[in-house]
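Chemist: One structure, as structure tokens, below. Some questions next.
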């Protein structure tokens, strides 16, 4: 039986929990109770999770973290469940959401159907509209609601209102440190994360961190995360809400709407907020870029380091930043071949030289001045075409090369998750050196009077700077809540100095300059 | 071969380019005619790609995101239910 | 496609020996005993090597300045090899006419003293087959479980080249 799981990893001991059985379209699938549905299905060999809405193209997941929504399947009768974040339960019945339209895919792939074209289709003469719509409904859309209300359905309304002193949205390194610094000084903290466990991106970082040994250097990311999570679980003035997504902020009520598991929701009001929601993976446009087998770097890391599942046997990595170089190393550790690392970079490999050196010595080709042109394969990636670029980043004719691979990892950067931030009505700016859309903030990490920002959502950087920023935001919030203690000013000075030292490197010059431009003395001068 | 920009609505790079050529050359109207950012992922995978294409075609630097409205992620009606039921 | 020798080290992703010669110790020093070789010369905010060194042989002016090894103070203890997040620190030695390289190792299979191993240079080219010898142990500090592996080679000059191994198991 196909099983893509790794049972012998040089760094990580995968404690998968108890073995359970899922049913995919009636077929039994082996799973473990610590896995997500998508991970278990992937391990069993499933590569195509859904068909796209219009052209019925095969889709696998891209992000593996509940964002791209390509992994949606029907789980126990509920349509459009993001299987990459749905925890496994013994006996779960999963059905792929297929319609008859999937047989039309070869024709649809040849057609061009932008919305402005098909909006007017079948509307004249008016007599054909109704029957046409009945047919279209069978062919298009994703997911079908249940035909009847299930027998065991609970109809108890579970929405409630809560209040807290300090609401921390995001349980990654920034949020955890912010919550800890505040909680240690007596603040009542509620920390929220949309995943099953706290830790953010730390949970998939199996490599050791750089930076000052005082803060994080020399420790593996997932161990660092574990320590912080254990510490926060000990504090009885911290309420932890996992599997809970913050979907909105309503300024008129000063409430955040949280949606929790099992159809619960909470309208929560806080005196101070810390938004530490991190970032989204960037994507890349190339021919057939949506084929199953094209993953984000984070997706590969999640599959490999959190669930211990091989994404394939031979991967092609796009990008030469630290993340892409690190993923190549993770693949080597798992015994997976790396066909090459490809990026348009001309001046240099973008990431740290030491990251490149440690994969070069294992024979990984680093192919700069090239980019990916096309992903090959019909239902899944089977090889790719790369093409050379000239000094103007234009394709060089005749320089196409075929690279053998069975998955493609796109590691081209992150953009801050600005959506929730924007709902507070701050002043937003688009700053490429910080990663994308970010709010103007002040020296106390506030972007509006009652809300603070830290980590990747404030500027794309590292976990170590996220921890320091989170700590500082937490300390300033504690001060604003009137819960200072004698140590607070010294701690603020210590962490601020550490951040400055960390950003003294030439790798951070652009970032430091950009940060100065978006940081004001006092946010109240900017926001009414 | 198709180059997919918006996975949720199957919007291709040429769909975006054609819409820009047809005059929808600012981010807000481009969103309304093509529909990117309105699908399940609410723009998490497509926005930066569309911005790059828009900048390339118009030569203008994009500094505004399309209007953001809560909820920023999918939820069920059942989760919002309040009140008594017997 | 452009050849490696038309690129500089930052474009290529690895150093040629002459690009890193200023951190490589002299043969004289290698014959005196194990000594640390730090192949990290970019300004990265990072300091574990200088902090863990028990003899104060690793000097950093500040968090971002590249480390400098004072070879006369280095005792070859492997602590810096074990802690470096970039896996960029090695120990080199020449003894009894053979070369020895100690390196961090985080792959499968776990190494055993007596194993034979393929040896690779910085570009990933195979340069020979060596023997796994002492000290080879598993560091269980914060970098758990990183192996510290020492490989012995017949040609002592190769100790300036060997930077990766693959255990040879039949």
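Residue numbers (our numbering), protein chains in the order written: chain U, 921 to 1448; chain Y, 1261 to 1346; chain D, 703 to 872. Glycine included, C-beta positions come from ideal geometry on N, C-alpha and C.
(1) I want to know whether the stretch 1352-1363 of chain U touches the stretch 1271-1282 of chain U - three or more CB-CB distances under 8 Å.
(2) With respect to the beta strand (DSSP E) encompassing residue 841 of chain D, which residues constitute its N-terminal and C-terminal limits?
(3) Tell me the DSSP secondary structure of residue 1141 of chain U in three-state form.
(4) My guess is that residue 1165 of chain U and residue 1114 of chain U are in contact by the Cβ rule of under 8 Å, so how many angstroms apart are they, rounded?
(5) Could you please give me the residues that DSSP links to residue 748 of chain D through a beta bridge?
(6) When the cut-off is 7 Å and only beta carbons count, does residue 810 of chain D lie next to chain U?
(7) Got a sec: is the Cβ-Cβ distance from residue 1298 of chain U to anything in chain Y below 7 Å?
(8) Counting only runs that start and end within the stretch 1175-1232 of chain U, where is the beta strand (DSSP E) found for 3 or more residues in a row?
(9) Could you tell me whether the stretch 711-726 of chain D touches the stretch 1279-1295 of chain U, using the rule of 3 or more Cβ pairs below 8 Å?
(10) If you reduce the DSSP assignment to three classes, tell me which class residue 801 of chain D lands in.
(11) Whose C-alpha, out of U/977, U/1210, U/1225, is nearest the C-alpha of residue 1029 of chain U?
(12) Quick check on residue 707 of chain D - is its C-beta less than 7 Å from some C-beta in chain U?
(13) For a contact defined as C-beta to C-beta under 7 Å, what are the partners of residue 1314 of chain U on chain D?
(14) Is the stretch 1418-1438 of chain U touching the stretch 763-775 of chain D in the sense that three or more CB pairs, one from each, lie closer than 8 Å?
(15) Can you name the start and end residues of the beta strand (DSSP E) that residue 973 of chain U belongs to?
(16) Looking at chain Y, is there any beta carbon in it that lies within less than 7 Å of the beta carbon of residue 1343 of chain U?
(17) Classify residue 1269 of chain Y as helix, strand or coil using the three-state DSSP reduction.
(18) What separation, rounded to the nearest whole angstrom, lies between the Cα atoms of residue 1287 of chain U and residue 1321 of chain U?
(19) Should the stretch 1131-1145 of chain U be called in touch with the stretch 1189-1198 of chain U, which here means at least 3 C-beta pairs below 8 Å?
(20) Which same chain residues, not among the five before or five after residue 812 of chain D, have their C-beta less than 8 Å away from its C-beta?
(21) Could you name the residues of the stretch 745-761 of chain D whose beta carbon sits closer than 8 Å to any beta carbon of chain U, in the order they occur along the chain?
(22) Do residue 751 of chain D and residue 760 of chain D have their CB atoms nearer than 7 Å?
(23) Going by beta carbon distance, what residues of the same chain come within less than 6 Å of residue 866 of chain D, once the five residues before and after it are set aside?
(24) Which chain U residues sit within Cβ distance under 9 Å of residue 703 of chain D?
(25) Could you spell out where the alpha helix (DSSP H) holding residue 1027 of chain U opens and where it closes?
(26) Shorter than 7 Å from the beta carbon of residue 871 of chain D to some beta carbon of chain U?
(27) Give the straight-line distance between the Cα atoms of residue 1345 of chain Y and residue 1120 of chain U, rounded to the nearest whole angstrom.
(28) Determine whether the beta carbon atoms of residue 791 of chain D and residue 740 of chain D lie at a separation below 7 Å.
(29) Would you kindly work out how many angstroms separate the C-alpha atoms of residue 1305 of chain Y and residue 988 of chain U, rounded to a whole number?
(30) From the DSSP output, which residues share a beta bridge with residue 960 of chain U?
(31) If you follow the alpha helix (DSSP H) that residue 1053 of chain U is part of, which residue opens it and which one closes it?
(32) Could you pull the start and end residues of the alpha helix (DSSP H) that residue 1332 of chain Y belongs to?
(33) Hey, is the stretch 857-872 of chain D in contact with the stretch 798-812 of chain D, meaning 3+ C-beta pairs nearer than 8 Å?
(34) I want to see whether chain Y comes within less than 7 Å of residue 1350 of chain U, judged by CB atoms only; does it?
Modeler: Checking against the coordinates, here is how it stands:
(1) Short answer: they don't touch.
(2) Unbroken beta strand (DSSP E) run through residue 841 of chain D: 828-841.
(3) It is helical.
(4) At roughly 4 Å, the Cβ-Cβ gap stays under 8 Å, so residue 1165 of chain U and residue 1114 of chain U are in contact.
(5) DSSP lists U/1131 as partners of residue 748 of chain D.
(6) For residue 810 of chain D, the answer is yes, since a Cβ of chain U falls inside 7 Å of its Cβ.
(7) So no, residue 1298 of chain U is outside the interface.
(8) Counting whole runs of 3 or more residues, the stretch 1175-1232 of chain U contains the beta strand (DSSP E) stretches 1175-1180, 1184-1195, 1199-1201, 1214-1216.
(9) At 8 Å Cβ cutoff, the stretches touch.
(10) In the structure shown, residue 801 of chain D sits in a strand (DSSP, three-state: E or B).
(11) Selected option, being the one with the closest Cα: U/977.
(12) Residue contact with chain U for residue 707 of chain D: absent (no Cβ-Cβ distance below 7 Å to any residue of chain U).
(13) Correct list: empty, because the minimum Cβ distance to chain D is about 16 Å.
(14) As far as the Cβ criterion goes, the stretch 763-775 of chain D touches the stretch 1418-1438 of chain U, which means the pair count is three or higher.
(15) Unbroken run through residue 973 of chain U: none, as it is neither H nor E.
(16) Cβ-Cβ to chain Y under 7 Å: yes for residue 1343 of chain U.
(17) Here residue 1269 of chain Y sits in coil by DSSP.
(18) Spanning the two alpha carbons is a distance of roughly 11 Å.
(19) Because the criterion of three Cβ pairs below 8 Å is not met, the stretch 1131-1145 of chain U and the stretch 1189-1198 of chain U do not touch.
(20) These residues qualify, in order along the chain: 840, 849.
(21) Of all residues in the stretch 745-761 of chain D, only 745, 746, 747, 748, 749, 750, 753, 754 place a beta-carbon less than 8 Å from a beta-carbon of chain U.
(22) The Cβ atoms of residue 751 of chain D and residue 760 of chain D sit closer than 7 Å to each other.
(23) Exclusion of the five residues before and after residue 866 of chain D leaves 822 as the residues of its chain whose Cβ lies within less than 6 Å of its Cβ.
(24) Ordered by position in chain U, the residues that pass the 9 Å Cβ test against residue 703 of chain D are 1287, 1289, 1290, 1308, 1319, 1321.
(25) Per DSSP, residue 1027 of chain U is one residue of the alpha helix (DSSP H) stretching across 1025-1028.
(26) It does not: the Cβ of residue 871 of chain D has no partner Cβ on chain U nearer than 7 Å.
(27) The predicted position of residue 1345 of chain Y is uncertain, since its pLDDT is 48 and thus under 50; a value taken from the coordinates is nonetheless stated next. Separation of residue 1345 of chain Y and residue 1120 of chain U (C-alpha to C-alpha, rounded to the nearest whole angstrom) is 38 Å.
(28) Closer than 7 Å, so yes.
(29) For residue 1305 of chain Y and residue 988 of chain U, the distance between alpha carbons rounds to 6 Å.
(30) None, per the DSSP bridge assignment.
(31) Counting along the chain, the alpha helix (DSSP H) containing residue 1053 of chain U begins and ends at 1049-1059.
(32) Neither: residue 1332 of chain Y is in no alpha helix (DSSP H) and is coded neither H nor E.
(33) Flag = yes, the stretch 857-872 of chain D and the stretch 798-812 of chain D touch.
(34) So yes, residue 1350 of chain U belongs to the interface.
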